[in-house]
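Numbering (mature numbering (1 follows the signal peptide of the UniProt record, and there is no 0)), first residue to last: -26 to -1, 1 to 75.
Cβ coordinates follow ideal geometry from the N, Cα and C atoms, glycine included.
These figures come from a predicted structure and were not determined experimentally.
Working notes for the structure below.
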């Protein structure tokens, strides 16, 4: 009987600890604490090929602004935030989104 109670305590402790730790220990938490873009491209993409555009401001995780574009085919690219075409595409996207509201 005492052995069963001890086993239940151990199982309960394991379950409790599994809920306290992140789902992928060291996975997503580590990815957020470093730059996501190693290389950037300055290639222009037409706005009809862009599915989403994510902008990450500089902060303690990364010393530079990062812009990640996801194309309609699912491919992701890190873009150079200083390119002229990117600012015009962002303005068009923002204008389009503000007109929808």
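Asked, Found
"Between 60, 73 and 74, which has its C-alpha nearest residue 21's C-alpha?", "60"
"Looking at the secondary structure, which residues open and close the alpha helix (DSSP H) in which residue 68 lies?", "58 to 74"
"Would you give the residue range spanned by the beta strand (DSSP E) that residue 50 belongs to?", "50 to 53"
"Would you say residue 27 and residue 49 are within 8 Å of each other, going by their C-beta atoms?", "no"
"Taking the C-alpha atoms as reference points, what is the distance between residue 46 and residue 71?", "18 Å"
"Rounded to the nearest angstrom, what separates residue 52 and residue 36 at their Cα positions?", "14 Å"
"In whole angstroms, what separates the C-alpha of residue 15 from that of residue 54?", "6 Å"
"Let me check understanding here. Comparing Cα to Cα, which of 29, 18, 23 and 74 lies closest to residue 11?", "29"
"Nearest to residue 13 by alpha carbon, out of 73, 19 and 38?", "38"
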